[in-house]
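Peer 1: Below: one structure in structure tokens.
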Amino acid sequence: MSDEYTAELDEELNEASGHRSMGAELVIPVGALGFILYYFITIIDSPWTAQVSAVFVGSILVVLVLAFMLSAVRVVRRGEGDWGFAELSHPASFVNTRLFLLALTIGYIVVISWLGFTITTFLFLFMAMALLNKGERMKLSLIVAAALSVSGYLLFIVAFKTRFPFGPFENLLEPLLGDLF
């Protein structure tokens, strides 16, 4: 979806309701804070390289979320928004896409322990991009998903030696790449 189209949709929603639903806009940032907390808890016993990268990335994300939250407070204080969740169900044409993305995310969490980090990440990224592109540019989605999942494997599992769940891909490549780094 183009940025121009998205901006027009946002403008229509704001005009129709008279203000923004900041509660709806904070769903993902609040979820991100929960994920950061969970991630920090799970890396306590990890190698120091994983801890350093987690604290670095997590800290940046926390700062961005807090900045967004402050912006939301200002919008509500100016009377341009409220703490409601009305925009989560509008436009109605996006509801199914949002629900499918939520199902993909939950599926990722459930399946990662069996398929491992790399295959699960590939499948999640590919299916999410296919969904968001409405089935167009599948070859590009395939290439990007493969590149990102293999890059994640090389960075997090091989280089940083984090303890992400192993699956068939990791078990196949560990004897070949495990001693390189």
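Start counting the sequence shown at 18; every next residue gets the next number (this note's numbering).
Cβ atoms here follow ideal geometry from the backbone N, Cα and C, with glycine treated the same way.
1. Relative to the C-alpha of R37, which residue among P46, G101, I77, V74 is closest?
2. Taking 7 Å as the cut-off, is the CB of L105 close to at least one heavy atom of the ligand FMN?
3. If we ignore side chains and look at the alpha-carbon of each, how far apart do V79 and S110 end up?
4. Do S158 and T138 have their C-beta atoms closer together than 8 Å?
5. Should I123 be labelled buried (16 or more other beta-carbon atoms within 10 Å of its own) or exposed?
6. Kindly confirm or deny that the region 144 to 151 and the region 163 to 180 touch, where touching means at least three C-beta pairs closer than 8 Å.
7. So which of P192, G184, V47 has the shortest CA-CA distance to A84?
8. Just confirm the distance between the C-beta atoms of A162 and L105, as a whole number of angstroms; I'd bet it's less than 8 Å.
Peer 2: According to the structure shown:
1. G101
2. Because no ligand of any kind appears in the structure shown, any question about the ligand FMN cannot be addressed here.
3. 31 Å
4. no
5. exposed
6. no
7. V47
8. With 8 Å as the limit, A162 and L105 do not qualify as a contact, their Cβ atoms being about 27 Å apart.
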